[in-house]
Structure formats: C-alpha cells, structure tokens
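The structure appears right after this line, and notes come after that.
Numbering (the UniProt record's numbering), first residue to last: 1 to 164.
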C-alpha cells in the first residue's frame, strides 16, 4: 500500500507538498522526501512527533540516538504509527530555526505499477527565506510574566549569589 501525505508548513501563507510513499517505509525515508521536496540541504537535525487530532505534540521520534528512551526514525515504519485512525504527525527540521510541518495522511492507496516511490505528487507555494515565527504560549493560565525583567542585568536578578 501507498501512504499519501500532505506536508504543510506551519505558516500564514499556504505552502505544502503532497508526497506518496510506501507504507513500510521508515520515518527517515519520509524525512528525506520532505527535505528534498522543500529544498533543504539536509544538514540540520530533525524529529517527528506523534500527534492527536488537534495537533497536540506527543512522543518524539528522533533522527539520531542522543541517549535515553527515544524511538529513532530509521527504526520506525510509517505503518507502525499511522493508520486510518492515527493520521497526523508533526515534523520539525532545524532546531535553531524551528521549521515546523503538519503532516496528515490523506489516503491509503494501491501501489501503481511503473511508479517510483517516494513520489512528489504536488507542490504549492514557495518556502520563505526564514522559518515562520512561533508564538509559544504557556499552558498554565496562572503564569506571571515580568515585562520589566532585563535578563542582561545580572547584578539585579533575584536569585542567591551561590545558587549553584
């Protein structure tokens, strides 16, 4: 079977790619397809994250083994995490710039004879020169933000001198 994905840049402008790839392919294969289809050079680190229907970020599936209990892209098949009910994942490329993509499994189709996979089916929009800004919002409504805080003014920060 073939998984057909829409890979959408999380930005105001519509920028997306439709990619089809074999269901037994790994997340590393999908990562490589995304990098190529958006024109990245592939030198930056990336991760996938499982997601629910509301695009809430779940478990990380990492590109490299950084220690710990994280699953790896090259060991995780698409069919092991995606199906008719679980259709959404999040992809982050380049952790300094945080290129964030929302990926949705649009269709599970039959393999077409004579077609090479992965296959870039459709391209819409151009990648901007820089990653879209992200607005990070605290989930705790009781969070107090000190707008007058100057983090470069070390002498007046309110922690004990011997904090370490």
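Beta carbons are placed, not taken as given, at the ideal position from N, Cα and C, and that holds for glycine.
For clarity, every value in this text was computed on a predicted model and none was experimentally measured.
- For secondary structure counted as the beta strand (DSSP E) over 3 or more consecutive residues, the segment 42 to 90 holds these complete runs in sequence order: 46 to 51 and 57 to 62.
- Inter-segment contact for the segment 54 to 66 and the segment 11 to 21 is absent: fewer than three beta-carbon pairs are separated by less than 8 Å.
- The DSSP assignment places complete alpha helix (DSSP H) segments of no fewer than 4 residues inside the segment 6 to 39 at 27 to 38, in order along the chain.
- For residue 94, the closest C-alpha among the options 116, 75, 41 and 110 is that of 41.
- Looking at the DSSP output, residue 93 sits in a beta bridge with 46 and 99.
- Its chain contains 100 and 102 as the residues whose beta carbon lies nearer than 6 Å to that of residue 10, once the 5 sequence neighbours on both sides are disregarded; these appear in chain order.
- Counting other Cβ atoms within 10 Å of its Cβ, residue 5 reaches 16 or more and is therefore classed as buried.
- Counting along the chain, the unbroken beta strand (DSSP E) around residue 121 starts and ends at 119 to 124.
- Residue 63 sits away from residue 80, with the two beta carbons spaced by 8 Å or more.
- Under the three-state reduction of DSSP output, residue 114 falls in the coil class, being neither helix nor strand.
- Pairing residue 83 with residue 72 gives a Cβ-Cβ distance that is not under 8 Å.
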